[in-house]
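In this note's numbering, the protein residues as written are 256 to 559.
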(Lines of atoms letter the chains of each structure in order from A and count residues from 1; the text may use other names and numbers.)
(Lines give C-alpha, C1' and ligand atoms only; values in the text may rest on other atoms or scores of the structure.)
Protein backbone atom coordinates (compact mmCIF):
# COMPACT_ATOMS: atom_id res chain seq x y z
CA UNK A 1 0.00 0.00 0.00
CA UNK A 2 2.86 2.36 0.87
CA UNK A 3 4.52 1.74 -2.50
CA UNK A 4 1.22 2.38 -4.29
CA UNK A 5 0.74 5.66 -2.45
CA UNK A 6 4.30 6.76 -3.15
CA UNK A 7 4.04 5.94 -6.85
CA UNK A 8 0.66 7.67 -7.00
CA UNK A 9 2.00 10.93 -5.60
CA UNK A 10 5.11 10.83 -7.80
CA UNK A 11 2.93 10.30 -10.87
CA UNK A 12 0.61 13.11 -9.84
CA UNK A 13 3.47 15.55 -9.22
CA UNK A 14 5.09 14.79 -12.60
CA UNK A 15 1.74 15.26 -14.32
CA UNK A 16 1.12 18.56 -12.55
CA UNK A 17 4.57 19.82 -13.58
CA UNK A 18 3.87 18.93 -17.23
CA UNK A 19 0.44 20.55 -17.04
CA UNK A 20 1.97 23.69 -15.51
CA UNK A 21 4.58 23.88 -18.28
CA UNK A 22 1.88 23.39 -20.92
CA UNK A 23 -0.30 26.07 -19.32
CA UNK A 24 2.65 28.47 -19.32
CA UNK A 25 3.28 27.88 -23.02
CA UNK A 26 -0.39 28.32 -23.89
CA UNK A 27 -0.62 31.48 -21.81
CA UNK A 28 2.43 33.19 -23.31
CA UNK A 29 2.87 31.79 -26.84
CA UNK A 30 -0.34 29.84 -27.43
CA UNK A 31 -0.74 26.52 -29.17
CA UNK A 32 1.20 25.88 -32.36
CA UNK A 33 -1.53 26.99 -34.76
CA UNK A 34 -2.58 24.88 -37.74
CA UNK A 35 -4.30 26.17 -40.86
CA UNK A 36 -7.71 26.35 -39.16
CA UNK A 37 -6.48 29.10 -36.82
CA UNK A 38 -4.38 30.99 -39.37
CA UNK A 39 -5.95 33.62 -41.58
CA UNK A 40 -6.46 32.29 -45.09
CA UNK A 41 -5.41 34.89 -47.67
CA UNK A 42 -6.13 33.68 -51.20
CA UNK A 43 -5.71 35.32 -54.59
CA UNK A 44 -7.72 33.50 -57.23
CA UNK A 45 -6.86 33.59 -60.92
CA UNK A 46 -9.60 32.15 -63.11
CA UNK A 47 -9.46 31.57 -66.88
CA UNK A 48 -12.89 31.10 -68.43
CA UNK A 49 -11.49 28.36 -70.69
CA UNK A 50 -9.93 25.01 -69.88
CA UNK A 51 -6.22 25.62 -70.48
CA UNK A 52 -3.72 23.11 -71.77
CA UNK A 53 -1.12 21.85 -69.31
CA UNK A 54 1.62 24.01 -70.84
CA UNK A 55 -0.53 27.15 -70.86
CA UNK A 56 -1.66 26.54 -67.29
CA UNK A 57 1.93 26.02 -66.10
CA UNK A 58 3.05 29.20 -67.88
CA UNK A 59 0.20 31.15 -66.28
CA UNK A 60 1.02 29.75 -62.86
CA UNK A 61 4.72 30.66 -63.22
CA UNK A 62 3.90 34.19 -64.29
CA UNK A 63 1.48 34.72 -61.40
CA UNK A 64 3.89 33.24 -58.85
CA UNK A 65 6.74 35.48 -60.01
CA UNK A 66 4.54 38.58 -59.97
CA UNK A 67 3.09 37.86 -56.52
CA UNK A 68 6.52 37.11 -55.06
CA UNK A 69 7.46 40.78 -55.43
CA UNK A 70 4.58 41.76 -53.13
CA UNK A 71 4.11 38.90 -50.68
CA UNK A 72 5.12 35.32 -50.02
CA UNK A 73 3.29 32.46 -51.73
CA UNK A 74 2.89 29.45 -49.45
CA UNK A 75 0.96 27.15 -51.79
CA UNK A 76 -0.90 26.96 -55.08
CA UNK A 77 -4.07 24.94 -55.64
CA UNK A 78 -4.94 24.12 -59.25
CA UNK A 79 -8.47 23.00 -60.13
CA UNK A 80 -11.22 23.18 -62.72
CA UNK A 81 -14.69 24.60 -62.21
CA UNK A 82 -17.08 21.65 -62.33
CA UNK A 83 -19.79 23.48 -64.26
CA UNK A 84 -17.77 25.37 -66.89
CA UNK A 85 -14.41 23.62 -66.93
CA UNK A 86 -12.65 26.92 -66.25
CA UNK A 87 -9.07 26.74 -65.00
CA UNK A 88 -8.74 28.03 -61.44
CA UNK A 89 -5.47 28.87 -59.67
CA UNK A 90 -5.68 29.66 -55.94
CA UNK A 91 -2.54 31.24 -54.47
CA UNK A 92 -2.30 31.18 -50.67
CA UNK A 93 -0.29 34.27 -49.84
CA UNK A 94 1.14 35.88 -46.74
CA UNK A 95 -0.42 39.34 -46.62
CA UNK A 96 -0.39 41.39 -43.43
CA UNK A 97 -3.56 43.33 -44.24
CA UNK A 98 -6.49 43.44 -46.62
CA UNK A 99 -4.97 46.51 -48.27
CA UNK A 100 -1.80 44.60 -49.04
CA UNK A 101 -3.81 41.67 -50.39
CA UNK A 102 -5.89 43.96 -52.61
CA UNK A 103 -2.76 45.71 -53.86
CA UNK A 104 -1.15 42.40 -54.81
CA UNK A 105 -4.31 41.34 -56.66
CA UNK A 106 -4.49 44.66 -58.56
CA UNK A 107 -0.82 44.44 -59.53
CA UNK A 108 -1.27 40.87 -60.77
CA UNK A 109 -4.34 41.89 -62.77
CA UNK A 110 -2.39 44.71 -64.46
CA UNK A 111 0.56 42.47 -65.26
CA UNK A 112 -1.69 39.86 -66.87
CA UNK A 113 -3.31 42.50 -69.07
CA UNK A 114 0.07 43.50 -70.50
CA UNK A 115 1.68 40.04 -70.50
CA UNK A 116 1.96 37.75 -73.49
CA UNK A 117 1.52 34.15 -72.34
CA UNK A 118 1.23 31.54 -75.06
CA UNK A 119 -2.17 29.85 -75.05
CA UNK A 120 -3.66 32.36 -72.60
CA UNK A 121 -6.08 35.16 -73.50
CA UNK A 122 -5.82 37.90 -70.85
CA UNK A 123 -9.32 39.09 -71.69
CA UNK A 124 -10.74 35.84 -70.35
CA UNK A 125 -8.91 36.00 -67.02
CA UNK A 126 -10.33 37.36 -63.78
CA UNK A 127 -8.37 38.05 -60.61
CA UNK A 128 -10.01 38.20 -57.18
CA UNK A 129 -8.92 37.89 -53.57
CA UNK A 130 -10.46 36.36 -50.46
CA UNK A 131 -9.57 37.20 -46.88
CA UNK A 132 -10.78 34.70 -44.30
CA UNK A 133 -10.09 35.61 -40.69
CA UNK A 134 -10.36 32.53 -38.52
CA UNK A 135 -11.00 32.68 -34.80
CA UNK A 136 -7.86 32.26 -32.66
CA UNK A 137 -7.68 29.39 -30.19
CA UNK A 138 -8.67 31.46 -27.16
CA UNK A 139 -12.11 32.19 -28.64
CA UNK A 140 -13.13 28.54 -28.63
CA UNK A 141 -11.08 26.99 -25.85
CA UNK A 142 -13.31 28.52 -23.14
CA UNK A 143 -16.35 26.90 -24.74
CA UNK A 144 -14.54 23.59 -24.59
CA UNK A 145 -13.78 24.17 -20.92
CA UNK A 146 -17.47 24.83 -20.17
CA UNK A 147 -18.60 21.76 -22.12
CA UNK A 148 -16.03 19.54 -20.43
CA UNK A 149 -16.95 21.01 -17.03
CA UNK A 150 -20.63 20.16 -17.49
CA UNK A 151 -19.69 16.67 -18.73
CA UNK A 152 -17.50 16.16 -15.66
CA UNK A 153 -20.35 17.01 -13.31
CA UNK A 154 -22.63 14.53 -15.07
CA UNK A 155 -19.90 11.88 -15.12
CA UNK A 156 -19.20 12.34 -11.43
CA UNK A 157 -22.88 11.98 -10.58
CA UNK A 158 -23.18 8.81 -12.66
CA UNK A 159 -19.96 7.20 -11.38
CA UNK A 160 -20.66 8.13 -7.77
CA UNK A 161 -24.13 6.55 -7.91
CA UNK A 162 -22.98 3.40 -9.70
CA UNK A 163 -19.54 2.84 -8.14
CA UNK A 164 -19.79 4.83 -4.87
CA UNK A 165 -18.36 8.25 -4.03
CA UNK A 166 -14.65 7.34 -3.91
CA UNK A 167 -14.75 5.70 -7.32
CA UNK A 168 -16.75 8.60 -8.75
CA UNK A 169 -14.21 11.10 -7.48
CA UNK A 170 -11.36 8.99 -8.87
CA UNK A 171 -12.97 8.82 -12.31
CA UNK A 172 -13.58 12.57 -12.25
CA UNK A 173 -10.02 13.46 -11.27
CA UNK A 174 -8.59 11.01 -13.80
CA UNK A 175 -10.74 12.49 -16.57
CA UNK A 176 -9.70 16.06 -15.75
CA UNK A 177 -6.08 14.95 -15.43
CA UNK A 178 -6.10 13.21 -18.79
CA UNK A 179 -7.64 16.13 -20.68
CA UNK A 180 -5.26 18.67 -19.14
CA UNK A 181 -2.20 16.45 -19.60
CA UNK A 182 -3.10 15.74 -23.24
CA UNK A 183 -3.52 19.46 -23.98
CA UNK A 184 -0.28 20.21 -22.13
CA UNK A 185 1.65 17.64 -24.17
CA UNK A 186 0.18 19.09 -27.38
CA UNK A 187 1.48 22.52 -26.32
CA UNK A 188 4.88 21.24 -25.15
CA UNK A 189 5.51 19.13 -28.26
CA UNK A 190 4.29 22.06 -30.42
CA UNK A 191 1.85 19.90 -32.35
CA UNK A 192 -0.14 22.17 -34.70
CA UNK A 193 -3.57 22.63 -33.16
CA UNK A 194 -6.78 24.39 -34.13
CA UNK A 195 -10.48 23.86 -33.63
CA UNK A 196 -9.89 20.11 -33.93
CA UNK A 197 -8.33 20.27 -30.47
CA UNK A 198 -11.86 20.54 -29.09
CA UNK A 199 -12.58 17.09 -30.47
CA UNK A 200 -9.33 15.77 -29.01
CA UNK A 201 -10.28 17.06 -25.56
CA UNK A 202 -13.73 15.46 -25.75
CA UNK A 203 -12.24 12.21 -27.05
CA UNK A 204 -9.69 12.17 -24.23
CA UNK A 205 -12.34 12.74 -21.58
CA UNK A 206 -14.75 10.10 -22.89
CA UNK A 207 -12.02 7.50 -23.40
CA UNK A 208 -10.61 8.15 -19.93
CA UNK A 209 -14.06 7.77 -18.35
CA UNK A 210 -14.81 4.58 -20.27
CA UNK A 211 -11.50 2.90 -19.40
CA UNK A 212 -11.58 3.95 -15.75
CA UNK A 213 -15.15 2.73 -15.29
CA UNK A 214 -14.16 -0.55 -16.95
CA UNK A 215 -11.71 -1.11 -14.10
CA UNK A 216 -14.13 0.09 -11.42
CA UNK A 217 -16.77 -2.22 -12.80
CA UNK A 218 -14.60 -5.10 -11.64
CA UNK A 219 -14.05 -3.43 -8.26
CA UNK A 220 -17.83 -3.15 -7.89
CA UNK A 221 -18.19 -6.85 -8.67
CA UNK A 222 -15.55 -7.77 -6.07
CA UNK A 223 -17.33 -5.71 -3.40
CA UNK A 224 -20.56 -7.58 -4.02
CA UNK A 225 -19.09 -11.10 -3.95
CA UNK A 226 -19.07 -12.91 -0.64
CA UNK A 227 -15.62 -14.40 -1.15
CA UNK A 228 -13.91 -11.06 -1.81
CA UNK A 229 -16.00 -8.73 0.32
CA UNK A 230 -13.38 -8.68 3.09
CA UNK A 231 -10.54 -7.61 0.79
CA UNK A 232 -8.96 -4.21 1.31
CA UNK A 233 -9.41 -1.49 -1.32
CA UNK A 234 -5.78 -1.87 -2.40
CA UNK A 235 -6.22 -5.62 -2.88
CA UNK A 236 -9.42 -5.12 -4.86
CA UNK A 237 -7.70 -2.57 -7.05
CA UNK A 238 -4.83 -4.95 -7.75
CA UNK A 239 -7.22 -7.73 -8.73
CA UNK A 240 -9.39 -5.41 -10.82
CA UNK A 241 -6.44 -3.91 -12.72
CA UNK A 242 -5.03 -7.36 -13.44
CA UNK A 243 -8.42 -8.63 -14.59
CA UNK A 244 -9.28 -5.64 -16.85
CA UNK A 245 -5.79 -4.96 -18.17
CA UNK A 246 -6.48 -6.92 -21.33
CA UNK A 247 -9.73 -5.05 -22.07
CA UNK A 248 -8.07 -1.69 -21.49
CA UNK A 249 -5.11 -2.64 -23.69
CA UNK A 250 -7.33 -3.96 -26.49
CA UNK A 251 -9.47 -0.81 -26.42
CA UNK A 252 -6.39 1.40 -26.45
CA UNK A 253 -4.83 -0.52 -29.35
CA UNK A 254 -8.04 -0.31 -31.37
CA UNK A 255 -8.35 3.43 -30.70
CA UNK A 256 -4.68 3.99 -31.54
CA UNK A 257 -4.99 2.00 -34.77
CA UNK A 258 -8.01 4.06 -35.75
CA UNK A 259 -6.03 7.27 -35.11
CA UNK A 260 -3.06 5.99 -37.13
CA UNK A 261 -5.26 5.08 -40.12
CA UNK A 262 -6.94 8.50 -40.12
CA UNK A 263 -3.56 10.16 -39.61
CA UNK A 264 -2.13 8.44 -42.68
CA UNK A 265 -5.20 9.42 -44.69
CA UNK A 266 -4.67 12.97 -43.46
CA UNK A 267 -1.24 13.07 -45.09
CA UNK A 268 -2.94 12.86 -48.47
CA UNK A 269 -6.16 14.81 -47.90
CA UNK A 270 -5.06 17.44 -45.39
CA UNK A 271 -2.24 17.64 -42.85
CA UNK A 272 -4.51 19.19 -40.21
CA UNK A 273 -6.24 15.84 -39.72
CA UNK A 274 -2.83 14.19 -39.28
CA UNK A 275 -1.97 16.57 -36.44
CA UNK A 276 -5.36 15.98 -34.83
CA UNK A 277 -4.81 12.23 -34.93
CA UNK A 278 -1.32 12.64 -33.45
CA UNK A 279 -2.83 14.57 -30.56
CA UNK A 280 -5.48 11.85 -30.24
CA UNK A 281 -2.74 9.23 -29.98
CA UNK A 282 -1.38 11.12 -26.99
CA UNK A 283 -4.88 11.06 -25.50
CA UNK A 284 -5.07 7.29 -25.96
CA UNK A 285 -1.72 6.72 -24.25
CA UNK A 286 -2.53 9.06 -21.36
CA UNK A 287 -6.01 7.63 -20.80
CA UNK A 288 -4.84 4.00 -20.90
CA UNK A 289 -2.09 4.62 -18.34
CA UNK A 290 -4.41 6.68 -16.17
CA UNK A 291 -7.13 4.03 -16.08
CA UNK A 292 -4.68 1.32 -15.03
CA UNK A 293 -2.74 3.36 -12.51
CA UNK A 294 -3.88 6.86 -11.57
CA UNK A 295 -7.61 6.27 -11.04
CA UNK A 296 -7.24 2.90 -9.22
CA UNK A 297 -4.38 4.23 -7.07
CA UNK A 298 -6.38 7.28 -6.13
CA UNK A 299 -9.33 5.08 -5.20
CA UNK A 300 -7.12 2.88 -3.03
CA UNK A 301 -5.61 5.99 -1.41
CA UNK A 302 -9.03 7.46 -0.63
CA UNK A 303 -10.34 4.17 0.75
CA UNK A 304 -7.13 3.34 2.59
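All C-beta atoms, glycine included, are put in the ideal place defined by N, C-alpha and C. Please read these numbers as outputs of a predicted model, since none were measured by experiment.
Asked, Found
"Tell me which residue opens and which closes the beta strand (DSSP E) that residue 344 is part of.", "342-349"
"Short of 8 angstroms in beta carbon distance, which residues of its chain neighbour residue 307, apart from the five on each side in sequence? Order them along the chain.", "374"
"Residue 431 to residue 404, Cα distance in whole Å?", "9 angstroms"
"Which residues in the same chain have their Cβ closer than 8 angstroms to the Cβ of residue 553, if we skip the five residues on either side of it in sequence?", "263, 424, 425, 428, 429"
"Can you tell me which of 362, 434, 401, 347 puts its alpha carbon nearest to the alpha carbon of residue 324?", "362"
"Taking only the alpha-carbon atoms, compute the straight-line gap between residue 364 and residue 371 and give it to the nearest angstrom.", "13 angstroms"
"Write down the C-beta distance between residue 382 and residue 360 rounded to the nearest angstrom, noting that I regard them as a contact closer than 8 angstroms.", "5 angstroms"
"Quick test of your reading: residue 297 and residue 335, contact by CB under 8 angstroms. State the CB separation rounded to the nearest angstrom.", "Residue 297 to residue 335, Cβ: 17 angstroms. No contact."
"What whole-angstrom Cβ distance do residue 440 and residue 456 have, given they're in contact under 8 angstroms?", "At roughly 12 angstroms, the Cβ-Cβ gap does not stay under 8 angstroms, so residue 440 and residue 456 are not in contact."
"DSSP state of residue 367, grouped into three classes?", "helix"
"Express the C-alpha separation of residue 543 and residue 534 in angstroms, rounding to a whole number.", "14 angstroms"
"By how many angstroms is the C-alpha of residue 340 removed from the C-alpha of residue 504?", "51 angstroms"
"Give the DSSP bridge partners of residue 296, in chain order.", "386"
"Counting Cβ pairs closer than 8 angstroms, one from the stretch 485-493 and one from the stretch 511-518, do we hit at least three?", "no"
"Along the chain, where does the beta strand (DSSP E) that runs through residue 324 open and close?", "Unbroken run through residue 324: none, as it is neither H nor E."
"Among the residues of its own chain, which have a CB less than 8 angstroms from the CB of residue 528, if the five just before and after it don't count?", "451, 517, 518, 520, 521"
"Could you check what DSSP says for residue 446 in three-state terms: helix, strand or coil?", "coil"
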